[in-house]
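2 protein chains.
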Amino acid sequence: MRHVVKKQDGGGNKPLSEPVLYILMSLAEMPRHGYALIKDIEAVSGGRVRLSTGTLFGAIRRLLENGWIQHFQQEDTARDKQAYRLTAAGRKQLQLELDRLKQLTRTVHARLRTRKTET
Amino acid sequence: MRHVVKKQDGGGNKPLSEPVLYILMSLAEMPRHGYALIKDIEAVSGGRVRLSTGTLFGAIRRLLENGWIQHFQQEDTARDKQAYRLTAAGRKQLQLELDRLKQLTRTVHARLRTRKTET
DNA sequence: TGACGACATGTCGCATGGCGACATATGTTG
DNA sequence: CAACATATGTCGCCATGCGACATGTCGTCA
Chain F
2 MRHVVKKQDG GGNKPLSEPV LYILMSLAEM PRHGYALIKD IEAVSGGRVR
52 LSTGTLFGAI RRLLENGWIQ HFQQEDTARD KQAYRLTAAG RKQLQLELDR
102 LKQLTRTVHA RLRTRKTET
Chain G
2 MRHVVKKQDG GGNKPLSEPV LYILMSLAEM PRHGYALIKD IEAVSGGRVR
52 LSTGTLFGAI RRLLENGWIQ HFQQEDTARD KQAYRLTAAG RKQLQLELDR
102 LKQLTRTVHA RLRTRKTET
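Those protein sequence lines, which keep their order, are chains F and G. No gaps in the numbering here: position 40 of the first sequence is 41 in the numbering used here, and each next residue is one more. No gaps in the numbering here: position 44 of the second sequence is 45 in the numbering used here, and each next residue is one more.
(1) Cβ of residue 78 of chain F less than 7 Å from any chain G Cβ?
(2) Look at the alpha carbon of residue 32 of chain F and the alpha carbon of residue 62 of chain G, and state the distance between them as a whole number of angstroms.
(3) When the Cα atoms are used, what is the spatial distance from residue 27 of chain F to residue 49 of chain G?
(4) Quick one, which residues of the stretch 99-115 of chain G are near chain F if we go by CB-CB under 8 Å, in chain order?
(5) Pairs of beta-carbons, one from the stretch 40-55 of chain F and one from the stretch 66-74 of chain F, closer than 8 Å: are there three or more?
(6) Would you kindly report the start and end of the unbroken alpha helix (DSSP H) that includes residue 86 of chain F?
(7) DSSP state of residue 104 of chain G, grouped into three classes?
(8) When the Cα atoms are used, what is the spatial distance from residue 42 of chain G to residue 30 of chain G?
(9) Relative to the C-alpha of residue 36 of chain F, which candidate in F/84, F/90, F/106 has its C-alpha closest?
(10) Going straight from the alpha carbon of residue 96 of chain G to that of residue 21 of chain G, what length do you get?
(11) Using a beta-carbon distance cut-off of less than 7 Å, what residues from the stretch 42-53 of chain G approach chain F?
(12) Give me the chain G residues within the contact set of residue 95 of chain F, using Cβ-Cβ distance strictly less than 8 Å, ordered along the chain.
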């Protein structure tokens, strides 16, 4: 008997993880498939963020379940490429995260200079 | 026989978790004990971030091991309060995280407006 | 032609970490 | 004294990150 309570996030309080944030960010520009995401994220982060496929496809599955991204059919779908695109909900989440990030940055910045005690 | 390879982070590439970031931020202002951290973080985040003690003391233990914070003796140590203070290393990490955050914010901001395809 | 590297998608299992629930004790106040 | 805030800590579940492995295609170059 295990009532596994779905941790459904109604309020949307928890911060996005770095992989998720980068994926949404990448898709905000244009639809991409998995491998392209890895390459783009590596490029846009200056080589610092390199997603492993384990991370990527796990995150993609959850994002699809969330409805933050969805499958996207490209006209020139050459091979087995499955592109994804950001949904309106996903874009909204990204915007919210950006706001959170800005707020956080301001707060940290302030705290780093308001040192009250010298040691 | 399990040679558990210490994931010692030489480069310092991974982002700080939200709890850790807030703890360092709070201690950047002044030394505090555990309970005071919880209260301060809740206040400074506008009530959004409420650390559970499970999260807090786990994080504190790791931060002590890292050498990013250390015990701090208050003169008026009334009871069993154990205060912590940020070390130079911890302050440096917080500064690095701030830089990372600023960079990230800029990038996300840019991507959210450079939409290349309309759907 | 065969080998190699880039492209592309996916699974598995381990370690880490967040967090709710619980346990305990003291100080404060109506 | 009852109730609540202060204060510190543990335990166990579960979600997630991520390296390792598996598999297949495509282009190209010796």
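A virtual CB, placed ideally from N, CA and C, is assigned to each residue, including glycine. Small disclaimer: the values here were computed from a predicted structure and weren't measured.
In short:
(1) In the first sequence, the residue the question calls residue 78 of chain F occupies position 77. For residue 78 of chain F, the predicted model reports a pLDDT of 48, less than 50, meaning its position is unreliable and no value from the coordinates is stated.
(2) Position 31 of the first sequence, counted from the first residue, corresponds to residue 32 of chain F. Position 61 of the second sequence, counted from the first residue, corresponds to residue 62 of chain G. Their Cα atoms are separated by approximately 42 Å.
(3) As a first step, residue 27 of chain F is located in the first sequence; it is residue number 26 there, counting from the start. As a first step, residue 49 of chain G is located in the second sequence; it is residue number 48 there, counting from the start. Taking the straight line from one Cα to the other gives about 27 Å.
(4) 99, 102, 103, 105, 106, 108, 109, 110, 112, 113, 115
(5) no
(6) Against the first sequence, residue 86 of chain F aligns to sequence position 85. First-last for residue 86 of chain F: 84-87, but that is the beta strand (DSSP E), not the alpha helix (DSSP H).
(7) Indexing the second sequence from 1 puts residue 104 of chain G at position 103. DSSP, read as helix, strand or coil, puts residue 104 of chain G in helix.
(8) Against the second sequence, residue 42 of chain G aligns to sequence position 41. Against the second sequence, residue 30 of chain G aligns to sequence position 29. Put simply, the backbone Cα of residue 42 of chain G is about 12 Å away from that of residue 30 of chain G.
(9) Taking the first residue of the first sequence as 1, we reach residue 36 of chain F at position 35. Among F/84, F/90, F/106, the Cα nearest to that of residue 36 of chain F belongs to F/84.
(10) As a position in the second sequence, residue 96 of chain G is number 95, starting the count at 1. As a position in the second sequence, residue 21 of chain G is number 20, starting the count at 1. Near 13 Å, if we compare the C-alpha coordinates of residue 21 of chain G and residue 96 of chain G.
(11) 45, 49
(12) Translated into the one-based positions of the first sequence, residue 95 of chain F becomes position 94. Within chain G, 109, 113 have C-beta atoms less than 8 Å from the C-beta of residue 95 of chain F, given in sequence order.
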